[in-house]
Amino acid sequence: MDGVAGRVTALAIAGASLGLMIWIGREDVPILRDTVAMITGSSGPSTEGTGNPELDACLAKRVGDVDKMRADGVVSDAQYETFRARAVGFCEAQFPPE
């Protein structure tokens, strides 16, 4: 297995392992979550009624701030989804959903 076939096999295994790690952790790493949301065109996680009052308050404030920034023209429509996803990620990191 010291030849080219062994190296190609090792590279394929490493690539498959990396792809699997990214796929499994896509919801846990904010940059991956944003990337997957942009690729799939999803609007991100819901901010409605999580069952955790602290999380709900944080989401209302942070997402509300991002909505206001969009309305005021501080962020463009293209930036809005990224800012919103980051706000949701921040709140979920501070107050994990129950």
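Residues 701 to 798 (this note's numbering) make up the sequence shown, in order.
For every residue, glycine included, the Cβ atom is placed at its ideal position computed from N, Cα and C.
Between residue 763 and residue 769, the C-beta gap is not smaller than 8 Å, which leaves the two residues out of contact. By a beta-carbon distance limit of 8 Å, residue 795 contacts residue 755. Their separation comes to about 4 Å. With respect to residue 759, residue 729 sits apart: the two C-beta atoms are not nearer than 8 Å. Looking at the backbone, the Cα of residue 778 and that of residue 753 are separated by about 30 Å.
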